[in-house]
Amino acid sequence: MNARRISMLRLPALLAAGLLLGACVTPPTYDYSAFKEARPASILVLPPMNSSPDVKATYSMLSRTTLPLAESGYYVFPVTLVDETFKQNGLTAATDIHGVATNKLREIFGADAGLYIEVKQYGTSYFVISSETRVTADAKLIDLRSGKTLWAGSATASSAEGDSGSGGLVGMLVQAVVRQILETINNQGHVIAGQTSARLLSAGRPNGILYGPRSPMYLKEGVPAP
Amino acid sequence: MAHRYSQRGLLVLAGLSVLFLSGCVNRPQPLYYWGSFEAQQYAYFTGERGPEDAIQQMEKIREEAKAQGKPVPPGFQAHLGMLYGQTGRTDLFEQNLLAERQQFPESAAYVDFLLKKNLKQ
Chain A
1 MNARRISMLR
11 LPALLAAGLL
21 LGACVTPPTY
31 DYSAFKEARP
41 ASILVLPPMN
51 SSPDVKATYS
61 MLSRTTLPLA
71 ESGYYVFPVT
81 LVDETFKQNG
91 LTAATDIHGV
101 ATNKLREIFG
111 ADAGLYIEVK
121 QYGTSYFVIS
131 SETRVTADAK
141 LIDLRSGKTL
151 WAGSATASSA
161 EGDSGSGGLV
171 GMLVQAVVRQ
181 ILETINNQGH
191 VIAGQTSARL
201 LSAGRPNGIL
211 YGPRSPMYLK
221 EGVPAP
Chain B
227 MAHRYSQRGL
237 LVLAGLSVLF
247 LSGCVNRPQP
257 LYYWGSFEAQ
267 QYAYFTGERG
277 PEDAIQQMEK
287 IREEAKAQGK
297 PVPPGFQAHL
307 GMLYGQTGRT
317 DLFEQNLLAE
327 RQQFPESAAY
337 VDFLLKKNLK
347 Q
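Here it is as structure tokens:
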């Protein structure tokens, strides 16, 4: 009886593990039907919400969003001016700005879509012989005309990605010290945020956003790159 | 001798095909000239640069873009216009916002909203 109970408990666990592994092997492709129906031309990037402990994260990430989106073919509203407009209307916290009704945003900015970002991780962790700066963010593209979610994605980037770990322990220590100096003085987080936003917001990546009307790749998704 | 010639011919052919193939794989050209525009936006948020200094940097980027025959990115002229506005030069505020609207008609509603609000003040 007891043994049977255990095996009954095990079965769902095994099934769950199987499902998880299966998900790893074949990542589900994003359903772009709403995106393709809406085909936004302009994107209003709202100041990102920040659930990391570093207060710099919001504006660091915000100032890294224009390049990947514009190079993907979208008109991106001037993030500095947009932030001022929110402030002049008494909205200073990203949380409050994310709560503004989509039709109100559409009315003021005339944007087709709004980009809602949340920074999950932003900063440097120090270990005995290493340090790592990591920036992780989620994003959601919402049609400001209909309120529909057109796309959602997530990305992360880390300063440790390029490390091969070669050079023995001393080499590692030296490298760690150099990197810690760089990371505290040069605001490494802002450097890594640029990599995160490039991964998160560039078109042409698996499950990424689609190309916008100003890109020569517009409407050519699925066609192999030249 | 004939053998040597054909070897050289092969080399030339190989060189040409490498050139040709790398031309094919070449990444597409960027749509805009960016210069340090992203850094300018970040510096605005962190407040580490006064508007006068920022205006100079922005005008420099605009010159570089012109020299390269590339358009400036979305929001560039609007950001510059805002900086001029903050130094009291409302004519250049308006001029740069109108330039943004002309380059990117997608910005029309917002630019009109900003110009109207500015006139009221």
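Protein chains in written order, with my numbering: chain A, 1 to 226; chain B, 227 to 347.
Heads up, the beta-carbon is just placed ideally off N, CA and C, and yes, glycines get one too.
Test: residue i CB closer than 9 angstroms to a CB of chain B
i                      : result
residue 73 of chain A  : yes
residue 99 of chain A  : no
residue 161 of chain A : no
residue 84 of chain A  : yes
residue 150 of chain A : no
residue 33 of chain A  : no
residue 194 of chain A : yes
residue 210 of chain A : no
residue 70 of chain A  : yes
residue 120 of chain A : no
residue 54 of chain A  : no
residue 42 of chain A  : yes
residue 78 of chain A  : yes
Nearest residue (CA-CA) to residue i, options the options
i                      : options             : result
residue 131 of chain A : A:70, A:75, A:160   : A:160
residue 157 of chain A : A:88, A:122, A:41   : A:122
residue 78 of chain A  : A:62, A:140, A:56   : A:62
residue 218 of chain A : A:193, A:41, A:144  : A:41
residue 31 of chain A  : A:149, A:194, A:191 : A:149
residue 259 of chain B : B:282, B:275, B:293 : B:293
residue 133 of chain A : A:191, A:139, A:35  : A:191
residue 211 of chain A : A:28, A:29, A:35    : A:35
residue 52 of chain A  : A:137, A:29, A:103  : A:137
Min CB distance residue i to chain A below 9 angstroms
i                      : result
residue 277 of chain B : no
residue 265 of chain B : yes
residue 262 of chain B : no
residue 332 of chain B : yes
residue 341 of chain B : no
residue 272 of chain B : yes
residue 308 of chain B : yes
residue 293 of chain B : no
residue 326 of chain B : yes
residue 301 of chain B : yes
residue 318 of chain B : no
residue 258 of chain B : yes
Contact check, residue i vs residue j, beta carbons under 9 angstroms
i                      : j                      : result
residue 277 of chain B : residue 309 of chain B : yes
residue 43 of chain A  : residue 101 of chain A : no
residue 129 of chain A : residue 46 of chain A  : no
residue 49 of chain A  : residue 135 of chain A : no
residue 207 of chain A : residue 153 of chain A : yes
residue 71 of chain A  : residue 256 of chain B : yes
residue 108 of chain A : residue 85 of chain A  : yes
residue 213 of chain A : residue 39 of chain A  : yes
residue 197 of chain A : residue 73 of chain A  : no
residue 201 of chain A : residue 115 of chain A : yes
residue 59 of chain A  : residue 271 of chain B : yes
residue 193 of chain A : residue 57 of chain A  : yes
residue 291 of chain B : residue 280 of chain B : no
Cβ separation of residue i and residue j, assumed to be a contact under 8 angstroms, to the nearest whole Å
i                      : j                      : result
residue 261 of chain B : residue 287 of chain B : 4 angstroms
residue 113 of chain A : residue 141 of chain A : 5 angstroms
residue 300 of chain B : residue 126 of chain A : So it is not a contact: roughly 38 angstroms between Cβ atoms.
residue 297 of chain B : residue 267 of chain B : 17 angstroms between Cβ atoms; not a contact.
residue 284 of chain B : residue 306 of chain B : 5 angstroms
residue 264 of chain B : residue 66 of chain A  : 7 angstroms
Other residues of its chain near residue i: CB distance less than 6 angstroms, five sequence neighbours each side excluded
i                      : result
residue 325 of chain B : 303
residue 99 of chain A  : none
residue 209 of chain A : 151, 203
Sequence-distant residues of the same chain with beta carbon closer than 7 angstroms to residue i, five excluded per side
i                      : result
residue 361 of chain B : This structure cannot settle anything about residue 361 of chain B, because the visible part of chain B is limited to 227 through 347.
residue 54 of chain A  : 122, 123, 189
residue 83 of chain A  : 47
residue 195 of chain A : 157
Chain-order list of residues whose beta-carbon lies under 8 angstroms from that of residue i (same chain, five-residue window excluded)
i                      : result
residue 337 of chain B : 304, 323, 324, 326, 327
residue 295 of chain B : none
residue 205 of chain A : 199
residue 97 of chain A  : 46, 47, 86, 91
Any non-hydrogen atom of the ligand SAM within 8 angstroms of residue i CB
i                     : result
residue 81 of chain A : The ligand SAM is not among the ligands present in this structure, which contains no ligands whatsoever.
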